[in-house]
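To keep things clear, I will list the structure first and then write my remarks on it.
Numbering (mature numbering (1 follows the signal peptide of the UniProt record, and there is no 0)), first residue to last: -21 to -1, 1 to 907.
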């Protein structure tokens, strides 16, 4: 076996040297500084010249679930380093709170099968500078205390994380991995671990793993951003360089072991529905970071692109037997390639014959010269594009690229050098060399086969002898080359037929302007029209000198005059309607062709049409708007299509569903009944659309133009639409009082909790903004209690909004163990009752700085100005919000926010919905 693989690699090298007439070693891009300390700790960083960029840090520890003896240990350590630490006795989460950092945003971590990564994402002028941030990462790597009390809590958090991930897809993928990665430690060491091992793990075992794998020589620190070279190296030496030299653990098992032979397995889950056959090959690959390995990667790229379309074409040969046939080439670990061909079939023996025949077809017919030439042209274009794009990478992209190179054992090379070599390789590559490579990987002695079988279906697996007989049979066939399904690589896409539509101005009326007002200090001009419409223009520079438009009306689907399902149906039909002498498809294609397309969106309270266009196309865009408003028409056969679509939505909600909807203030019947569908007429549908269309519209425009242009090219088109008031929108509300409803919902041992609340408060865009600043503060207080203190959840979601109907709405949800529900609901209520004390712990200067930074980014987007202009007029009928929004950060103080808390809480309405395991439902559903 060893002799075979040695010959395999030797042949690959021979092909490489046949194709490449020169050689040189691959070096890191000069923009990347990389080095190693005396204790074996490695680092690599990119230094940006832009002082406006912050910096990112990423510590890569070569310890993953493949190293676990107690399954889940690497992941456990990732959790525990954020508990008590030499840097902070309580836990690192509280330190992050003090810094104004959020886990998942400024600080994050992940465990994979081969490594664990810790990330720090800073902001400009952040709470910690570069030296302090490197010290923090060093504390995570070497300063965790691993206390038993912390483990007792964090164990429960991990079990809750596991509870969220259970499901049929996960189980099926695990069963596939058992076959595909057979003979390795990857098959029985999932990243999150096993429940029994997690429950049995002791603090002593956690400490042992930490001390064994978290050693300097087993780590690499990657950094990018505005970094001064000497300062970075000095900080690394003064932190990681002070850690003692320790033995680096042997990890020979990380490389997927290979062996000759065929492994046959079954993939079946009680709830699985897919039926398929997969046959695959596992091959060695040359290491990345050298010429031979880089060339082999390029070969694999070409093969991956070329064989996929050929295999897809084979489906036409098996229309009665297979719903799909496809091939994948993947690299599950470094230096390993897996090629697998699959067919979705109901007859597994027939599926085995299909996949083996198509493997044989690839070996016999291979890659054609014409297919290769087409892909070469495309590859050259890609290299040329990358030559233009790569020099403009931002610091975050550099971090990703350096990290990928470190993890894959590769080198991030200067692309000007790499591209020159790549272009030469592409030019010299031949179909003959690719076909040799294809035959090699499809003849690799390490092979696997699995039948994926639906739950409850009996299907015997074939023996190795039976598989060999089918292989022998298909090898005797003379198989023809199949034309790829897709057009040849590199060929130009067929040009769409040019459509010339000229919607006329025949319905145009002179604009009757009731008033015009110019807000000089705000560069805002407003016109009010006799039909009830208004146009508001903000004279402001935009990217590309484009004009941004938003047409808003109260034509939402929650209104007192129309049923929600009918309003939504009418909106969709209106959007899909034909116009005058051209159909909807032609009209939309013409809009795309002319780059002046309106985007539609309907919510419960509004209809929003938005567009972005060049100023010279303003009149045509508004002409399109008028056409959509006036010239839509429903075909006679539209009603039958509508009814057919509505019938697919009909449901008969059971008592439990009705009870849930009533509890949450939702419409009892969200979809029509069969009787309502049958009674629907084309006239009723037409009238519903007309009511939506006739609601007065406020059109907001942001961009550089002139009042004259708007008066000539916008106002007449708006004024030509007859309007009439009528639709009064609303938002669903919770029932009065406090209510709790528990219902059986899940087959698994889990519960979900949803807690919604409402309280009255006068809406304004400023107040809505300030209420939103409370969300991360409340979320943090809840997370500290429910997760870090009680260990009852892995994650939770909380959102509080102040809506335009003068109502504050809160929404909290989490998944947990059924036995923890009462405790966690009580803890939620406790946190919400003590929000004022939690607010005192906030770092308000840091929060204000974050808001200023976020606002600086948001206000670079013209859509932000467009949206806020509309909000301002909705509240003030003037651009007041465009002024007040500039100082909102100054209002984020303990006193100001506490005033909001005192006004909102306690909530006047609350609904608690608890989803329970079905097996635990001994009593009928009832309101508690």
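All C-beta atoms in this analysis are idealised placements derived from N, C-alpha and C, irrespective of residue type, glycine included.
For residue i and residue j, which I take to be in contact (beta-carbon distance under 8 Å), what is that distance rounded to the nearest angstrom?
{"i": "residue 430", "j": "residue 305", "result": "Not really, about 17 Å apart at Cβ, beyond 8 Å."}
{"i": "residue 492", "j": "residue 694", "result": "7 Å"}
{"i": "residue 556", "j": "residue 563", "result": "6 Å"}
{"i": "residue 188", "j": "residue 52", "result": "5 Å"}
{"i": "residue 731", "j": "residue 794", "result": "5 Å"}
{"i": "residue 292", "j": "residue 461", "result": "4 Å"}
{"i": "residue 255", "j": "residue 24", "result": "Not a contact, Cβ separation roughly 46 Å."}
{"i": "residue 62", "j": "residue 129", "result": "4 Å"}
{"i": "residue 141", "j": "residue 171", "result": "5 Å"}
{"i": "residue 32", "j": "residue 22", "result": "So it is not a contact: roughly 19 Å between Cβ atoms."}
Let's test the definition: count the other Cβ atoms within 10 Å of the Cβ of residue i and tell me whether it reaches 16, buried, or not, exposed.
{"i": "residue 892", "result": "buried"}
{"i": "residue 233", "result": "buried"}
{"i": "residue 337", "result": "buried"}
{"i": "residue 770", "result": "buried"}
{"i": "residue 190", "result": "exposed"}
{"i": "residue 456", "result": "exposed"}
{"i": "residue 534", "result": "buried"}
{"i": "residue 631", "result": "exposed"}
{"i": "residue 125", "result": "buried"}
{"i": "residue 639", "result": "buried"}
{"i": "residue 88", "result": "buried"}
{"i": "residue 47", "result": "buried"}
{"i": "residue 683", "result": "exposed"}
Quick check on residue i: does DSSP put it in helix, strand or coil?
{"i": "residue 911", "result": "In the structure as shown, the chain begins at -21 and stops at 907. Residue 911 is therefore absent and cannot be evaluated."}
{"i": "residue 123", "result": "strand"}
{"i": "residue 72", "result": "helix"}
{"i": "residue 97", "result": "strand"}
{"i": "residue 597", "result": "helix"}
{"i": "residue 329", "result": "helix"}
{"i": "residue 245", "result": "strand"}
{"i": "residue 536", "result": "coil"}
{"i": "residue 861", "result": "helix"}
{"i": "residue 577", "result": "coil"}
{"i": "residue 827", "result": "helix"}
{"i": "residue 64", "result": "strand"}
{"i": "residue 17", "result": "coil"}
{"i": "residue 91", "result": "coil"}
{"i": "residue 113", "result": "helix"}
{"i": "residue 592", "result": "strand"}
{"i": "residue 42", "result": "coil"}
{"i": "residue 908", "result": "Within the shown structure, residues of the chain are numbered from -21 to 907, placing residue 908 beyond reach of any answer."}
Which residue wins for smallest C-alpha separation from residue i, given the options the options?
{"i": "residue 240", "options": "228, 247, 262 and 614", "result": "262"}
{"i": "residue 685", "options": "597, 702 and 658", "result": "597"}
{"i": "residue 529", "options": "558, 547, 587 and 508", "result": "587"}
{"i": "residue 60", "options": "95, 80 and 44", "result": "95"}
{"i": "residue 217", "options": "270, 320, 740 and 109", "result": "109"}
{"i": "residue 107", "options": "223, 772 and 35", "result": "35"}
{"i": "residue 268", "options": "393, 793 and 644", "result": "393"}
{"i": "residue 248", "options": "258, 199 and 155", "result": "155"}
{"i": "residue 382", "options": "257, 167, 41 and 702", "result": "41"}
{"i": "residue 15", "options": "151, 224, 178 and 111", "result": "224"}
{"i": "residue 280", "options": "854, 92, 764 and 413", "result": "413"}
{"i": "residue 194", "options": "219, 724, 658 and 174", "result": "219"}
{"i": "residue 274", "options": "734, 653, 698 and 409", "result": "409"}
{"i": "residue 497", "options": "863, 857, 407 and 706", "result": "857"}
{"i": "residue 311", "options": "340, 446, 163 and 294", "result": "163"}
{"i": "residue 439", "options": "406, 419, 331 and 499", "result": "331"}
{"i": "residue 299", "options": "316, 288 and 322", "result": "322"}
{"i": "residue 346", "options": "138, 285, 335 and 389", "result": "285"}
Is there at least one non-hydrogen atom of the ligand PLP closer than 7 Å to the beta-carbon of residue i?
{"i": "residue 657", "result": "Looking at this structure, you won't find the ligand PLP or any other ligand, since it has none at all."}
- Which full runs of the alpha helix (DSSP H) of 4+ residues lie inside the region 398 to 467, going along the chain? 410 to 420 and 443 to 454
- Message: Quick check on the DSSP output: what are the complete alpha helix (DSSP H) runs of length 4 or more inside the region 139 to 222, in order along the chain?
- Response: 147 to 159, 174 to 179, 182 to 192 and 208 to 218
- 4 or more residues per run - each alpha helix (DSSP H) lying fully within the region 659 to 689: 661 to 672
- Could you tell me which uninterrupted beta strand (DSSP E) segments, each at least 3 residues in length, are contained entirely in the region 764 to 822, listed from first to last along the chain? 775 to 782 and 786 to 795
- Message: For a minimum of 3 consecutive residues, which ranges assigned as the beta strand (DSSP E) are wholly contained in the region 698 to 744?
- Response: 716 to 725 and 730 to 739
- Task: May I have a chain-ordered list of the beta strand (DSSP E) segments no shorter than 3 residues that lie completely inside the region 297 to 381?
- Result: 301 to 309 and 315 to 324
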